[in-house]
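Chemist: Sharing a structure, written as structure tokens. Questions coming.
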Amino acid sequence: MIDKLNSPQREAVTLPPQHALVLAGAGSGKTRVLTTRMAWLIQTGQVSPLGILAVTFTNKAAREMVGRVTSILPIDIRGMWIGTFHGLCNRMLRAHHRDAGLPQAFHILDTADQLASIKRLLKANGIDDDKYPPRDVQRFINGAKEEGQRPPDVEAYDSFRRRMVEIYTLYETQCQREGVVDFPELLLRAYELLSRNEPVRSHYQRRIKHVLVDEFQDTNTLQYKWLRLLAGGGASIFAVGDDDQSIYAFRGANVGNMSDFERDYAHGTVIRLEQNYRSFGHILDAANALITHNNGRLGKNLWTEQGEGEQIRVVEQPSDLAEAQWLVEEVRALISDGRDRSQIAVLYRSNAQSRVIEHALFSAGVTYKVYGGLRFFERQEVKHALGYLRLMANPDDDTSWMRVVNFPPRGIGARTLELLGDQAKAYDTSLSAAVARVPGKGGSNLSQFSMLVGRLSEETRMLPLPELVEHVIAQSGLIAHYEQDREGADRIENLNEIINAAAAFALEANMSGLPAGIVVQNPTAAEPDPMEEGLGGLSPLMAFLSHAALEAGDNQAQAGQDAVQLMTVHAAKGLEFDAVFITGMEEGLFPHENSVNDPSGLEEERRLMYVAITRARERLYFSLAQSRMLHGQTRYAMRSRFLAEVPEEHLKWLTPKQGLSDSEPRWKTSNYSGDTYGRQGGQAAPRQSTVPSKMLASGVTVGAQQFRVGQGVRHARFGEGTVIGLSGTGMDAQAQIQFREVGAKTLALGIAKLDIIQG
DNA sequence: TCCAGGCCCGTTTTT
DNA sequence: CGGGCCTGGA
Numbered sequence: 001m002i003d004k005l006n007s008p009q010r011e012a013v014t015l016p017p018q019h020a021l022v023l024a025g026a027g028s029g030k031t032r033v034l035t036t037r038m039a040w041l042i043q044t045g046q047v048s049p050l051g052i053l054a055v056t057f058t059n060k061a062a063r064e065m066v067g068r069v070t071s072i073l074p075i076d077i078r079g080m081w082i083g084t085f086h087g088l089c090n091r092m093l094r095a096h097h098r099d100a101g102l103p104q105a106f107h108i109l110d111t112a113d114q115l116a117s118i119k120r121l122l123k124a125n126g127i128d129d130d131k132y133p134p135r136d137v138q139r140f141i142n143g144a145k146e147e148g149q150r151p152p153d154v155e156a157y158d159s160f161r162r163r164m165v166e167i168y169t170l171y172e173t174q175c176q177r178e179g180v181v182d183f184p185e186l187l188l189r190a191y192e193l194l195s196r197n198e199p200v201r202s203h204y205q206r207r208i209k210h211v212l213v214d215e216f217q218d219t220n221t222l223q224y225k226w227l228r229l230l231a232g233g234g235a236s237i238f239a240v241g242d243d244d245q246s247i248y249a250f251r252g253a254n255v256g257n258m259s260d261f262e263r264d265y266a267h268g269t270v271i272r273l274e275q276n277y278r279s280f281g282h283i284l285d286a287a288n289a290l291i292t293h294n295n296g297r298l299g300k301n302l303w304t305e306q307g308e309g310e311q312i313r314v315v316e317q318p319s320d321l322a323e324a325q326w327l328v329e330e331v332r333a334l335i336s337d338g339r340d341r342s343q344i345a346v347l348y349r350s351n352a353q354s355r356v357i358e359h360a361l362f363s364a365g366v367t368y369k370v371y372g373g374l375r376f377f378e379r380q381e382v383k384h385a386l387g388y389l390r391l392m393a394n395p396d397d398d399t400s401w402m403r404v405v406n407f408p409p410r411g412i413g414a415r416t417l418e419l420l421g422d423q424a425k426a427y428d429t430s431l432s433a434a435v436a437r438v439p440g441k442g443g444s445n446l447s448q449f450s451m452l453v454g455r456l457s458e459e460t461r462m463l464p465l466p467e468l469v470e471h472v473i474a475q476s477g478l479i480a481h482y483e484q485d486r487e488g489a490d491r492i493e494n495l496n497e498i499i500n501a502a503a504a505f506a507l508e509a510n511m512s513g514l515p516a517g518i519v520v521q522n523p524t525a526a527e528p529d530p531m532e533e534g535l536g537g538l539s540p541l542m543a544f545l546s547h548a549a550l551e552a553g554d555n556q557a558q559a560g561q562d563a564v565q566l567m568t569v570h571a572a573k574g575l576e577f578d579a580v581f582i583t584g585m586e587e588g589l590f591p592h593e594n595s596v597n598d599p600s601g602l603e604e605e606r607r608l609m610y611v612a613i614t615r616a617r618e619r620l621y622f623s624l625a626q627s628r629m630l631h632g633q634t635r636y637a638m639r640s641r642f643l644a645e646v647p648e649e650h651l652k653w654l655t656p657k658q659g660l661s662d663s664e665p666r667w668k669t670s671n672y673s674g675d676t677y678g679r680q681g682g683q684a685a686p687r688q689s690t691v692p693s694k695m696l697a698s699g700v701t702v703g704a705q706q707f708r709v710g711q712g713v714r715h716a717r718f719g720e721g722t723v724i725g726l727s728g729t730g731m732d733a734q735a736q737i738q739f740r741e742v743g744a745k746t747l748a749l750g751i752a753k754l755d756i757i758q759g
């Protein structure tokens, strides 16, 4: 089991029971160490499978962990605490729902449900949603929860925040009444359950001997607190992560957890996995060099036993269109060289960039697959069907009630629903319970709907899950509705797919001999654990609905195995490919303009670039466009500063490298003609290029002034600076200027008075 | 109640 | 430019 590991890997796997931080670089065998550690602990008899708690962020990672552990050691994973933070908290809350103050059949709101719930709340309480936009309220509430804060804990230093806190309180009341729990609430409730309930806490603390955490750099404050509490009974925390790959600060991840953990727990026990088994030397050295520009790293330098490999190919094109066309040609060349399409990845900073690339690939007939977009359980028709199903389990679920009450349309309009809402509020009941108080035609339509819900509950009470789902979907009128729609065929197909999903789910649950999806106890355990009883009562429907909420399904749009992979850099984390294109290497795009004025934001962008680079095994490309269509305007940008942070020795420019030295990265837009690039190796004849040979206009003229990217300018108030981006024309023209003293600013060229001082 | 056209906005995303 | 959302008219 451990003889194939390198020495730091083996050291990590065989550590005595103590807290440890494993700094696992990209491609260093992180998952292997984590899973081997689990298997080793069990096999050496140091812990029973039930004494382990292993937690990940995604279901995919959790599945992979289970798969790899069981392939090393054929153990029964049932009853083991392996899963996502949310999945494990869900399980804990179901088991101890009374202590947690929840109905056992609580529903889980996904992000969209939560937003709908907040909108409904604002409306019911007459809160101005211009002043308190639902999205901001959602961010406020989730932000507070992720910090472990209930309304009284939130600092409200001004009237705006005080009102936000009031809304937070109202929202909590609403969720509690409806028996629903949002994603951050799963974690916070589970945390509070453990911290306030001594018997429950000591039960878990006594049971759990080893806590293993994957992607530790992505944990938020609350998750870390939860882990510390769980391990509080003397368990060892084995935290694996890479601070250089922390790219989720925007959703609450706190890289600081890593250094805090080292300081508070791991002390000296930090193991670095620095040998990389993925990439060739130039690629790794480029990544290493780039990331040294960040401060406050825990520190790590990747190395490989493979050779130097190829340099990174760099291509600069006049436009985003030309970039895409070049990319297609290069991809085709790779494919005709015998490379597997699925081993070619095209990465970009933002989803908007995929359009041009997709168009070019499509026109050239290259099969591709875009990651991202709507997932199965997030589709409109699927959410409607789930809405009906949720009403079967809980008619007081107002979010679901509102979602389907008039879908398909049954003559229940906004006014009727407003009336219903008023009644519900006045009598402090659910919408469902308030139906009888709404008079008139609207009321009669409502009661018909209410009767439909009641009748379906009755009819499906005794049905097995798949039949139940089938019956509810058939009777909901959804299929009939979509049959009217000439583009409804896909939706109907998805509705049928829910029935399949339910059948598959039920089958899996039966095979494990347990109520669908939720594993209760390890049958091999010496005796049933009274602390964790209570899950058996969870209906298959409830279990299926939890499953749907916690696992939204596959994230890839188009099918096709043998396809070029298109995705954002974020989506590429954890993946690897033989050949990788990093596109849009421009200031304002990568690093993104919203991050460049904030040092920590810029460092996160740099980590993102680090992640992008380290995806590549053999071949890596950087591409950039001098001009790009963005928000309906042509924008001109400088080369990304990150390009200058990679030593020249690792780069091979396929188009002439222009402009000034890297130490002073500047963009001199000039007269490069797009068809002069060649490929490395010399044999490749210059392929025909579709790039227009004449240069695009690269400047913006306003009045008598001609602005260009890279120019030096002076502003009366902001001082001297450099033009780093231009967009628009005439009165719409704007310039992004990096001022020496005051940072980057965007100025309207028609208004701001600028003197051109050079360039 | 429903639909169409206008308007606004525009980074990354898992649970 | 393009998509999502909202409002106003039928």
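249 is the number that the numbering used here gives to position 249 of the first sequence; each next residue is one higher, with no gaps. C-beta: ideal position from N, C-alpha, C; glycine also. Please read these numbers as outputs of a predicted model, since none were measured by experiment.
1. Taking a contact to mean a Cβ-Cβ separation below 8 Å, would you say Q343 touches F622 in this structure?
2. Check whether the Cβ atoms of L538 and Q104 lie closer than 8 Å to each other.
3. Count the other CB atoms within 10 Å of the CB of G299; is the residue buried (16 or more) or exposed (fewer)?
4. Determine which residues share a DSSP beta bridge with H471 and list them.
5. Decide yes or no for the touch test of the region 283 to 295 against the region 38 to 56: beta carbon pairs closer than 8 Å, at least 3 of them.
6. Rounded to the nearest angstrom, how far is the Cβ of D218 from that of Y248, given a contact under 8 Å?
7. Is D675 helix, strand or coil by DSSP?
8. State the Cα-Cα distance for the pair D214 and A54, rounded to the nearest angstrom.
9. In the DSSP assignment, find the unbroken alpha helix (DSSP H) run with K745 in it and report its ends.
10. Roughly how many angstroms separate the alpha carbons of E741 and T722, rounded to a whole number?
11. Among M80, H107 and I82, which residue has its Cα nearest to the Cα of L93?
12. Going by DSSP in three states, Q174 sits in which element: helix, strand or coil?
13. Given E664, which residues of its chain have a CB within under 8 Å of its CB, disregarding the five upstream and five downstream residues?
14. Is there contact here, the region 451 to 463 with the region 392 to 400, by at least three beta-carbon pairs under 8 Å?
15. In this structure, how does DSSP classify F739 when only helix, strand and coil are distinguished?
16. Out of N142, L327 and P409, which has the shortest C-alpha to C-alpha gap to L654?
17. Within 10 Å of its beta-carbon, does M1 have 16 or more other beta-carbons around it, so buried, or fewer, so exposed?
18. Among the candidates S259, S432, G411 and V700, whose CA atom is the shortest distance from the CA of T729?
19. Looking at the structure shown, is I757 part of a helix, part of a strand, or coil, going by DSSP?
20. What's the gap between the Cα of S770 and the Cα of G179?
21. Nearest to F362 by alpha carbon, out of D264, E329, G256 and R379?
22. In the DSSP output, what is A54 paired with across the bridge?
23. With the cut-off set at 8 Å, would you say M585 and R639 are in Cβ contact?
24. Measure from the alpha carbon of R251 to the alpha carbon of each residue in Q138, Q736 and E497, then state which is nearest.
25. Are there 16 or more other CB atoms within 10 angstroms of the CB of G725, so buried, or fewer, so exposed?
26. Assign S661 to buried or exposed, taking buried as 16 or more other Cβ atoms, counted over all protein chains shown, within 10 Å of its Cβ.
27. Tell me, please, whether the region 376 to 390 touches the region 493 to 500 by the rule of three or more beta-carbon pairs shorter than 8 Å.
28. Which one or two residues does DSSP pair with K369 in a beta bridge?
29. Can you tell me the Cβ-Cβ gap for R403 and K425, rounded? I've got them flagged as a contact below 8 Å.
30. Quick one: give me the first and last residue of the alpha helix (DSSP H) that A426 is part of.
31. How long is the line joining the alpha carbons of G588 and Q736, rounded to whole angstroms?
32. Expressed to the nearest angstrom, what Euclidean distance is found between the alpha-carbon atoms of D755 and D598?
33. Between which residues of its own chain and T399 is the CB-CB distance below 6 Å, once the five residues before and five after are set aside?
34. What do you get for I473, buried or exposed, if any count of 16 or more other CB atoms within 10 angstroms of its CB means buried?
35. In terms of DSSP beta bridges, what is R37 paired with?
36. Ignore the nearest five residues each way along the sequence and tell me which others in V356's own chain have a CB closer than 7 Å to its CB.
Modeler: According to the structure shown:
1. no
2. yes
3. exposed
4. BP columns for H471 are empty, so no partner.
5. no
6. 5 Å
7. Its pLDDT being 31, under 50, D675 is placed unreliably by the model, and the measurement read from it follows with that caveat. If DSSP states are grouped into helix, strand and coil, D675 belongs with coil.
8. 8 Å
9. It is not in any alpha helix (DSSP H) - K745 instead sits in the beta strand (DSSP E) that spans G743 to A748.
10. 11 Å
11. H107
12. helix
13. Note on E664: pLDDT 40, under 50, position unreliable in the model; the coordinate value appears next. Nothing listed; no residue qualifies.
14. yes
15. strand
16. L327
17. exposed
18. V700
19. strand
20. With the chain running from 1 to 759 in the structure shown, residue 770 is simply not present.
21. E329
22. I82 and L212
23. yes
24. Q138
25. buried
26. Caution is warranted here: a pLDDT of 39 is assigned to S661, below 50, making its placement in the model unreliable, and the coordinate value is therefore given only provisionally. Label assigned to S661: exposed.
27. yes
28. Q565
29. At roughly 19 Å, the Cβ-Cβ gap does not stay under 8 Å, so R403 and K425 are not in contact.
30. A414 to A426
31. 9 Å
32. 27 Å
33. D113, A116 and S117
34. buried
35. Bridge partners of R37: none, in fact.
36. D320, L321 and A324
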